[in-house]
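J.: Numbering (the working numbering), first residue to last: 26 to 242. Beta carbons: idealized from backbone N, C-alpha and C, even for Gly. Note that the coordinates shown come from a computational prediction; the quantities given were computed from them, not determined experimentally. Have a look at this one before I ask anything.
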Amino acid sequence: MNHTMDDQNLAFISQLYPDVYTQILPQQGAVKPPKRRRKKSKGAVATGDVSNCFFRKRKLTDEQVNMLEMSFGDEHKLESERKDRLAAELGLDPRQVAVWFQNRRARWKNKRLEEEYNKLKNSHDNVLGDKCRLESELLQLKEQLYDAEREIQRLAERVERGSSNSPISSSVSVEANETAFFGDYNVGDDGDDYDNLFYPVPENTYMDGVEWASLYI
DNA sequence: TTGTGTTTTACGACCTCC
DNA sequence: GGAGGTCGTAAAACACAA
């Protein structure tokens, strides 16, 4: 077999053109080699093993990367015609161009996912902020409601005290004793009991609740 | 200098489409 | 069935703090 000889020649070539021959790969159209297991060749470079050194990975040059980036910017997919053209222009193996595009697509996808994640996180944070604000608003409103109820209760008690000295309002005092809150009055379905809820007000005299209450505070 | 984390290059396995 | 895609990962290259 002249395999070793070929390897040595290829290694020599790869050393002569390090920017071009980063790795010896099967050329397109050549007989497809059997699937290789992953090479565990960490020591190849360090040991200076000539038969392995041309397998070492080389970074693409800036120019190559720029060209590939431009091409990727135009179109993320790589048809075989474009792949061959790029490979020829850049002095790379078509397989390298294909691999570069695969990796570039993966990076692009990761970046896109990261951006989407950040967007979702921001909107989640905003919703949390809104929730927090609404909860504190609710708390304030509950406090206001509580104060209002206390105030109403206090007024009711004052009314009650006032009415106990007033003979004309005995019916109201009875109702007030049954409930602590105006809104809780039980009135008959026909509304007849409303007659007993209010102090007598002169005919044709308009008076709202506040005015009415102020008379007795 | 060296240990360690990140990025880049390359590959195998598997999947889809024509 | 082959070409080309994704996904997961190995390993080289690189960056950088200690």
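Can you tell me the Cα-Cα spacing of Gln178 and Glu160, whole angstroms?
T.: 27 Å
J.: Does the Cβ of Leu163 have 16 or more other Cβ atoms within 10 Å, making it buried, or fewer, making it exposed?
T.: exposed
J.: Taking only three categories from DSSP, how would you classify Lys156?
T.: helix
J.: What distance in whole Å lies between the Cβ atoms of Ala112 and Asp122, which are believed to be in contact at a cut-off of 8 Å?
T.: The residue asked about is misnamed: residue 122 is Val in this sequence, not Asp. Sure, about 5 Å apart at Cβ, within 8 Å.
J.: Please report how far the alpha carbon of Leu115 lies from the alpha carbon of Glu104, in whole angstroms.
T.: 16 Å
J.: According to the neighbour-count rule (16 or more other Cβ atoms, all chains shown, within 10 Å of its Cβ), is Ser189 buried or exposed?
T.: exposed
J.: Given Glu182, which residues of its chain have a CB within under 6 Å of its CB, disregarding the five upstream and five downstream residues?
T.: Result list for Glu182: empty, nothing under 6 Å.
J.: Apart from the five residues on each side of it in sequence, which residues of its chain come closer than 6 Å, Cβ to Cβ, to Arg110?
T.: none
J.: What is the DSSP secondary structure of His101, reduced to helix, strand or coil?
T.: coil
J.: Buried or exposed: which applies to Lys108, given that a residue is buried once 16 or more other Cβ atoms fall within 10 Å of its Cβ?
T.: buried
J.: Tell whether a beta-carbon distance below 8 Å holds between Trp125 and Leu93.
T.: yes
J.: State the CB to CB distance for the pair Phe97 and Arg129, rounded to an integer number of angstroms; the pair is presumed to be in contact (CB under 8 Å).
T.: With a Cβ gap of about 5 Å, Phe97 and Arg129 count as contacting.
J.: Rounding to the nearest angstrom, what Cα-Cα distance links Cys157 and Asn135 in this structure?
T.: If you take the alpha carbons of Cys157 and Asn135, they lie about 32 Å apart.
J.: Sorted by chain position, which residues of the same chain lie with C-beta nearer than 7 Å to Glu100's C-beta, five sequence neighbours on each side aside?
T.: None.
J.: Quick one: what's got a C-beta closer than 6 Å to Glu139's C-beta in the same chain, skipping five residues either side?
T.: Here Glu139 has no same chain residue with a Cβ atom under 6 Å from its own Cβ, once five neighbours each way along the sequence are excluded.
J.: On the CB-based measure, 16 or more other CB atoms within 10 Å of its CB, does Ser148 come out buried or exposed?
T.: exposed
J.: Pick from Arg83, Lys146, Arg137 and Gly187: whose alpha carbon is nearest that of Asp118?
T.: Among Arg83, Lys146, Arg137 and Gly187, the Cα nearest to that of Asp118 belongs to Arg83.
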